[in-house]
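Asker:
In my numbering, the protein residues as written are 12 to 333.
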């Protein structure tokens, strides 16, 4: 039986239901949670987050349940005891991650660490637990630091992630799919099959034209179109926004008849309660149900294809490989 680590325990992959594979309960750069301009009490964050997850749970009923993969990472606001409370209250499966969004988000203690230390840290959080929570990470997060090219620290983190993935059987999810050549070289050197890696944000409005999504799929990697909902049509769009139709058309080309449906995953990369910034008004994980799936249906995708994208592909990707 295939299985996945959630914050409330290990469950069969068949029980994941529909999966939002790249989301955040609350993400921020180190220290941003103390920004006086945007700071909220834990109670305020809870009140903002619970209705969104309850709506996600209700929407996901037709798929047999729902799973929210939180890819916030070490040093970026990860709070696993909080996730456990939210999961118990809303009925949503929550998968927590180990790893870092990028080397530039790692506090000095970790930034000075070598590959062996980072590997041990990741393996411990996957096999023993995160801090004293007793909850085990279900995915490893890595990323390219701001600037568009992997730093030496990024490379150490990617190499440690590959070794931890091989040791534990959990997959890797990346922040951005840029500089994929260097990432794939590291994964290949470590002997990690590329179908255990989801290269994320292939569709974001800053890097989409530079991302070699088809090439990544041809190498065996999975590709995440996971910034759906960040649209230039918004009242105050973020800098990574993109016209709604342009993003959708890009995705449809990638999964089309001659494309890579088996390699594709989709998500909204929404913050339930952002840390240190105001967030994007109205953008939640439920964009998947309220806008994206209707857009896909209008474009002619059948229910089998939609289930492949949001149920079957994520279950295969997240399953621990013994």
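We put the beta carbon where it would ideally sit given N, CA and C, even for glycine.
1) Kindly list the residues whose CB is nearer than 7 Å to the CB of residue 255, restricted to its own chain and excluding five residues on each side of it in sequence; keep chain order.
2) How many Å lie between residue 129 and residue 122 at the Cα?
3) Buried or exposed: residue 46, going by 16 or more other Cβ atoms within 10 Å of its Cβ?
4) Do residue 111 and residue 180 have their C-beta atoms within less than 8 Å of each other?
5) So what does DSSP say about residue 292, is it helix, strand or coil?
6) Which of the three DSSP states is assigned to residue 275 in this structure?
7) Compare the Cα-Cα distances from residue 185 to each of 177, 200, 161 and 201 and report the closest residue.
8) For residue 29, which option in 75, 283 and 332 has the closest C-alpha, if you only look at C-alpha atoms?
9) Please report the straight-line C-alpha distance between residue 173 and residue 193, rounded to a whole angstrom.
10) List the whole-angstrom C-beta distance separating residue 151 from residue 124, where the pair is believed to meet the contact cut-off of C-beta under 8 Å.
11) Sorted by chain position, which residues of the same chain lie with C-beta nearer than 7 Å to residue 115's C-beta, five sequence neighbours on each side aside?
12) Please specify which runs of the beta strand (DSSP E), each continuous and at least 3 residues long, are wholly inside the segment 131-171, giving them in chain order.
13) Determine, using beta carbons only, whether residue 237 and residue 275 come nearer to each other than 8 Å.
14) Can you name the start and end residues of the alpha helix (DSSP H) that residue 305 belongs to?
15) Got a sec, what are the start and stop residues for the alpha helix (DSSP H) residue 61 sits in?
16) Taking the alpha helix (DSSP H) that residue 329 belongs to, which residues open and close that run?
17) How many whole angstroms separate the CB atoms of residue 18 and residue 91, which I take to be in contact at a CB cut-off of 8 Å?
18) Express the C-alpha separation of residue 211 and residue 293 in angstroms, rounding to a whole number.
19) For chain B, check one thing: does any of its Cβ atoms lie closer than 8 Å to the Cβ of residue 71?
20) When DSSP labels each residue in this structure, what does residue 119 get in the three-state scheme?
21) For residue 212, name the three-state secondary structure that DSSP assigns.
22) Rank 38, 250, 13 and 32 by C-alpha distance to the C-alpha of residue 26 and give the top, closest one.
23) Could you tell me the alpha carbon to alpha carbon distance between residue 308 and residue 261, rounded to whole angstroms?
24) By the three-class DSSP mapping on this structure, what secondary structure does residue 105 have?
25) Give the range of the beta strand (DSSP E) segment to which residue 16 is assigned.
26) In three-state terms, what does DSSP make of residue 114?
27) In angstroms, rounded to a whole number, what distance separates the CA positions of residue 49 and residue 286?
28) Label residue 265 either buried or exposed according to how many other C-beta atoms from any shown protein chain fall within 10 Å of its C-beta, with 16 as the threshold for buried.
29) Quick check on the burial criterion: 16 or more other C-beta atoms within 10 angstroms. Buried or exposed for residue 322?
30) Report the three-state DSSP secondary structure of residue 266 (helix, strand or coil).
31) Considering only the alpha carbon of each residue, which of 188, 301 and 208 lies closest to residue 63?
Answerer: Quick answer:
1) 242 and 244
2) 10 Å
3) exposed
4) No, Cβ-Cβ distance for residue 111 and residue 180 is not below 8 Å.
5) coil
6) Here residue 275 sits in strand by DSSP.
7) 161
8) When the alpha-carbon of residue 29 is set against those of 75, 283 and 332, the nearest one is in 75.
9) 13 Å
10) Going by Cβ atoms, the distance from residue 151 to residue 124 rounds to 15 Å, so no, they are not a contact pair.
11) 156 and 157
12) Look at the segment 131-171 and you find these whole runs of beta strand (DSSP E), each 3 residues long or longer: 150-154.
13) no
14) 304-309
15) 53-71
16) 324-329
17) That pair is a contact at about 6 Å.
18) 22 Å
19) Of the protein chains in this structure there is only one, and it is not chain B.
20) Helix at residue 119.
21) coil
22) 13
23) Going from the Cα of residue 308 to the Cα of residue 261 covers about 16 Å.
24) Strand at residue 105.
25) The continuous beta strand (DSSP E) containing residue 16 extends over residues 14-17.
26) helix
27) Pairing residue 49 with residue 286, the inter-Cα distance amounts to about 7 Å.
28) The C-beta of residue 265 has 16 or more other C-beta atoms within 10 Å across all chains shown, which makes the residue buried.
29) buried
30) In the displayed model, residue 266 falls within a helix according to three-state DSSP.
31) Out of 188, 301 and 208, the CA that lies nearest to the CA of residue 63 is found in 301.
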